[in-house]
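*Asks:* Below: one structure in structure tokens.
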Amino acid sequence: MNTKHCSLLTVSILLACNVNAAGFQVAEHSASGLGRAFSGEGAVADNASVLARNPAAMTLFDKAQFSGALTVVDPEVDVKDMTNNQTSKDVAPMQVVPGGYYIAPINDKWAWGLGMFTTYGVATDYPDDIEAGDMAGNTALVSVNLNPNIAYRLSEQWSFGAGLNLVYATAELDRHVGGLPTGGQPSDKLISMEGQTFGYGWNVGALYEYNENNRFGFGYRSAIMLNFEGDFTDHTGNQIIQDPSKKVTTGNLDIELPDIVELSAFHQLNPQWAVHYSWQRTMWSKFTELKATSPDCVNNECFAKEEHYQDNDRLSVGATYQANETWTWRAGFAYDEKAGEATLSIPDSDRYWYSAGVTYKYSSNVSVDAAFAYIHSKAGSFTEKNMLGNELAFESEGAAYISAIQLNYTFN
């Protein structure tokens, strides 16, 4: 896959801390999904948001439907610099994650849909004057994925779907002097980047309906190769750029965002109870380094960081209880496996999701979903080297509180 050239910043931002998913993924696509810890997402198909995980499930809809969701993610992440005895509290600010989906059947065989949601988005805000300022600072990434899809029912049991992913992202980054001997203050800026980018990829899905009460879903989202070219600013002239009179240069950076595969299942046990579960694997092992290069930088390297990542799994299970025609309740649990070795950029760790949600059916056309999830991250310790090659020791711990609301409307 490909993108237009743009700022080096965007990829740097992708390495910021994100407490609610391994690496820098965003899972919060819907309120209904949040209520079940996103278990069975490619097979449940209780509203139009299913196309974010499995386009083939669009064939389950006999009427057009719109779903619009708004999610508030409130992380609480603290990182302690054991070497310098400094603690950075609440380094991940609150974020709002929107999502919108529309599915329309064409006939009894074909359906199409359009989704707008985010797959990557993070933010961190460390204090400007900490000793580790050259490794941690202020970062922000906002991305939007426009995802048109088409689906075809091959038989009573099998349906298939495919789509395109058109991604737009904006981001900004600042790093600070910290404890580096530059002659300035720790809060002085060290480097800055900012920019925007367009990228594209693809996704496919399949749905197998054993019968009307049992179905299985498959979803795959492609890897995306990003080829960046943009400005790199050295505020202090600290010999990152060879010419001390030059503070800005053009650099290049290539990185591959990992592909994702997901298997889901849904089982309606009786008129009231259903269970659902999922397995998701993200191919993080492709992410091995982050390197910005330019002939103007020392040894052609403006920025270089080795990453130690491996493919990770996310396992989720949940249940849905339909109390009556008006109220439906759901709950779920998920285990999100650590993807990479912890760093200040990503103090990654194993995560445990505890979720609950409800649907209120206002009429035959309108329903509202609401959900809440608590995510616990395992505390951990790690070391990291600053720009002088000195090794610093850190400890991190965190949690996240996620709330979401969603409106669903079925067209006559």
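In terms of the numbering used here, the sequence shown has 879 at position 404, counting the first letter as 1, and numbering is strictly consecutive. Beta carbons are placed, not taken as given, at the ideal position from N, Cα and C, and that holds for glycine.
Determine the contact status of residue 671 and residue 645, defining contact as a CB-CB distance below 8 angstroms.
*Replies:* A contact, by the Cβ cut-off of 8 angstroms.
*Asks:* Ordered along the chain, which non-local residues of its own chain (more than five positions away) have a Cβ less than 6 angstroms from that of residue 429?
*Replies:* The chain is shown only over 476 to 887; residue 429 falls outside these bounds and no answer can be derived.
*Asks:* Would you call the region 808-821 and the region 786-798 touching, i.e. three or more CB-CB distances under 8 angstroms?
*Replies:* Yes: at least three Cβ pairs fall under 8 angstroms.
*Asks:* Could you compute how far the alpha carbon of residue 546 sits from the alpha carbon of residue 553?
*Replies:* Answer to the nearest angstrom: the Cα atoms are 22 angstroms apart.
*Asks:* Along the chain, which unbroken stretches of the beta strand (DSSP E) at least 3 residues long are found entirely within the region 798-852?
*Replies:* Within the region 798-852, the complete beta strand (DSSP E) runs of at least 3 residues are 802-811 and 826-836.
*Asks:* Along the beta strand (DSSP E) that carries residue 779, what are the first and last residues, could you check?
*Replies:* Residue 779 -> beta strand (DSSP E) spans 776-781.
*Asks:* What does DSSP give as the partner residues of residue 623 in its beta bridges?
*Replies:* Residue 623 is bridged to 589.
*Asks:* DSSP three-state label for residue 790, please.
*Replies:* Strand, per DSSP.
*Asks:* Can you grab the Cα-Cα spacing for the pair residue 803 / residue 875, in whole Å?
*Replies:* The straight-line gap from Cα to Cα measures roughly 25 angstroms.
*Asks:* Tell me whether the region 603-610 and the region 656-668 touch, counting them as touching only if at least three CB pairs, one residue from each stretch, are closer than 8 angstroms.
*Replies:* Cβ pair count under 8 angstroms is three or more, so yes.
*Asks:* Alpha carbon to alpha carbon, how far is residue 774 from residue 640?
*Replies:* Straight-line Cα distance between these residues: approximately 36 angstroms.
*Asks:* List the DSSP bridge partners of residue 573.
*Replies:* Bridge partners of residue 573: 545.
*Asks:* Rounded to the nearest angstrom, what separates residue 866 and residue 753 at their Cα positions?
*Replies:* Approximately 40 angstroms between the Cα atoms of the pair.
*Asks:* Can you find the residues in the same chain that come closer than 6 angstroms, C-beta to C-beta, to residue 685, ignoring five residues on each side of it along the sequence?
*Replies:* The answer is none, since no qualifying residue turns up.
*Asks:* Whole angstroms are fine: how far does the CA of residue 830 sit from the CA of residue 782?
*Replies:* Approximately 31 angstroms, taken between the alpha carbons.
*Asks:* So what does residue 745 bridge to, in DSSP terms?
*Replies:* Per DSSP, none; premise fails for residue 745.
*Asks:* Please classify residue 749 as buried or exposed, where buried requires at least 16 other C-beta atoms within 10 Å of its C-beta.
*Replies:* By the neighbour-count rule (16 or more Cβ atoms within 10 Å), residue 749 is buried.
*Asks:* Taking its Cβ as the centre, do 16 or more other Cβ atoms sit within 10 Å of residue 602, making it buried, or is it exposed?
*Replies:* The residue is buried, with at least 16 neighbouring Cβ atoms inside 10 Å.
*Asks:* Inspect the CB distances between the region 687-707 and the region 733-750 and report whether three or more fall short of 8 angstroms.
*Replies:* As far as the Cβ criterion goes, the region 687-707 touches the region 733-750, which means the pair count is three or higher.
*Asks:* Say whether the region 574-591 touches the region 533-551, bearing in mind that this needs 3 or more beta-carbon pairs closer than 8 angstroms, one atom from each stretch.
*Replies:* Judged by Cβ distances under 8 angstroms, the region 574-591 makes contact with the region 533-551, as three or more pairs qualify.
*Asks:* Rounding to the nearest angstrom, what Cα-Cα distance links residue 493 and residue 567 in this structure?
*Replies:* Low local confidence applies: a pLDDT of 48 at residue 493 is under 50, so the model's placement there is unreliable, and no value is given.
*Asks:* Is there a Cβ of chain D sitting closer than 8 angstroms to that of residue 688, yes or no?
*Replies:* Structure shown: chain D not included; a single protein chain is present.
*Asks:* Do the CB positions of residue 786 and residue 828 come within less than 8 angstroms of each other?
*Replies:* Taking 8 angstroms as the Cβ cut-off, residue 786 and residue 828 do not qualify as a contacting pair.
*Asks:* DSSP three-state label for residue 711, please.
*Replies:* The answer is coil: DSSP assigns residue 711 none of H, G, I, E or B.
*Asks:* Apart from the five residues just before and just after residue 521, which ones in its own chain have a Cβ nearer than 7 angstroms to its Cβ?
*Replies:* Cβ neighbours of residue 521 beyond the five flanking positions: 507.
*Asks:* Among the residues of its own chain, which have a CB less than 6 angstroms from the CB of residue 724, if the five just before and after it don't count?
*Replies:* Hits under 6 angstroms: 707, 716, 769 and 771.
*Asks:* Can you tell me the Cα-Cα spacing of residue 630 and residue 688, whole angstroms?
*Replies:* Cα to Cα, the separation comes out at about 17 angstroms.
*Asks:* Relative to the C-alpha of residue 800, which candidate in 842, 794, 647 and 765 has its C-alpha closest?
*Replies:* If we check each option's Cα against that of residue 800, 842 comes out closest.
*Asks:* Return the Cβ separation of residue 594 and residue 613 in integer angstroms, given the expectation that the two are a contact with Cβ distance under 8 angstroms.
*Replies:* With 8 angstroms as the limit, residue 594 and residue 613 do not qualify as a contact, their Cβ atoms being about 23 angstroms apart.
*Asks:* So for residue 505, helix, strand or coil by DSSP?
*Replies:* In this structure, residue 505 counts as coil in the three-state DSSP scheme.
*Asks:* In this structure, how does DSSP classify residue 530 when only helix, strand and coil are distinguished?
*Replies:* It is helical.
*Asks:* At the level of alpha carbons, what is the spacing between residue 889 and residue 654?
*Replies:* Residue 889 lies beyond the residue range present for the chain, which begins at 476 and ends at 887; the question has no answer from this structure.
*Asks:* Name the DSSP beta bridge partners of residue 877, please?
*Replies:* Bridge partners of residue 877: 548 and 848.
*Asks:* Give the range of the beta strand (DSSP E) segment to which residue 734 is assigned.
*Replies:* Neither: residue 734 is in no beta strand (DSSP E) and is coded neither H nor E.
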